[in-house]
Amino acid sequence: MTFDPERDVAAYGRRASGYERGPRGFLHAEIVRRVGVVAVSLVAETRAPRILDVGCGTGVLLRLLGSLLPDARLTGVDPAAGMVREAAASTRAEVREASAESLPFGDAAFDLVVSSSSFSHWQDQAGGLAECRRVLAPGGALLLADVFTSRGLPVRVFGPGGAAGSRQRADAAIGAAGFAGWSWRPVFAGVVRAAVARA
């Protein structure tokens, strides 16, 4: 089976109501917990940070960030209508149906843009990263967590389309999007990694 972003969006929309109870949901919750720790550290010095979760799914990360950062202004986007409904019902965040490639926000609107386990599903990863850069305020941070492998290693760990690709490919895309510098952090099981980039 090949990666098809439109098919994937439709599939996630259909299974949104039970997503958190299934095996992928439990795995995702652990990954999100770890991503949340990194996210909080990136905005620890920011009073009432403005945070955007791109590919927010059912809102797991938004709920976690809401509990850890009660003064944060939280916003989420997801292209799957079912996921947006679930997230809107379960979190205090503003949640909109939108893709990473076409974020419905003005320039410099956020202090932190985070994406956990959705980058692999973006139809145009370079375009999505450029949009993330556009909506980040000067000095803001991007936290991009997904399955990234070293060169030459298999990337289809979590099924069709379930890998963002190599770190080298992501490095090139992050640089092309206009981020000046970034670093990588391990997140989960040796294959889920996070790039932290500054605007």
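Converting from the sequence shown to this note's numbering requires adding 50 to each position, the first position being numbered 1. Beta carbons: idealized from backbone N, C-alpha and C, even for Gly. Computed from a predicted model, the values in this text were never measured in an experiment.
Beta-carbon proximity check, residue i vs residue j, cutoff 7 Å
i, j, result
"P188", "A249", "yes"
"L162", "L112", "no"
"T141", "G109", "yes"
"A230", "A176", "no"
"L124", "A143", "yes"
"W232", "A247", "yes"
Residue i - DSSP class collapsed to helix/strand/coil
i, result
"V246", "strand"
"R142", "coil"
"V197", "strand"
"S117", "helix"
"P236", "strand"
"R97", "coil"
"L153", "coil"
"G109", "coil"
"S216", "strand"
"S170", "helix"
"V90", "helix"
"V241", "coil"
Proximal residues to residue i (C-beta, below 8 Å), its chain only, five neighbours per side dropped
i, result
"V89", "Just to set this straight, residue 89 is Ala in the shown sequence, not Val. Within the same chain, A89 has close Cβ partners I101, L111, L115, L162, V164 and L193."
"A148", "V127, D128, P129 and P154"
"I81", "S166, S167, A195, V237, F238 and V242"
"A259", "No statement about residue 259 is possible, as the shown extent of the chain runs from 51 to 249 and does not include it."
"A191", "L92, V93, D161, L162, V163, V246, A247, R248 and A249"
Contacts around residue i, its chain only, beta-carbon distance under 7 Å, and the 5 residues preceding and following it disregarded
i, result
"R184", "D157"
"A159", "R100 and V185"
"H78", "V110 and S167"
"L179", "A223, I224 and A227"
"D174", "E151"
Bridge partner(s) assigned by DSSP for residue i
i, result
"A191", "L162 and R248"
"E147", "D128"
"G231", "R248"
"R123", "R100"
"L186", "F160"
6 Å CB neighbourhood of residue i in its chain, flanking five on each side removed
i, result
"A195", "V85, S166, V237 and A244"
"D103", "L111, L112, G126 and V164"
"R217", "F198"
Contact test: residue i Cβ vs the ligand SAH heavy atom, cutoff 6 Å
i, result
"G189", "For the structure depicted, the ligand SAH is absent and the ligand set is empty, with no information on it obtainable."
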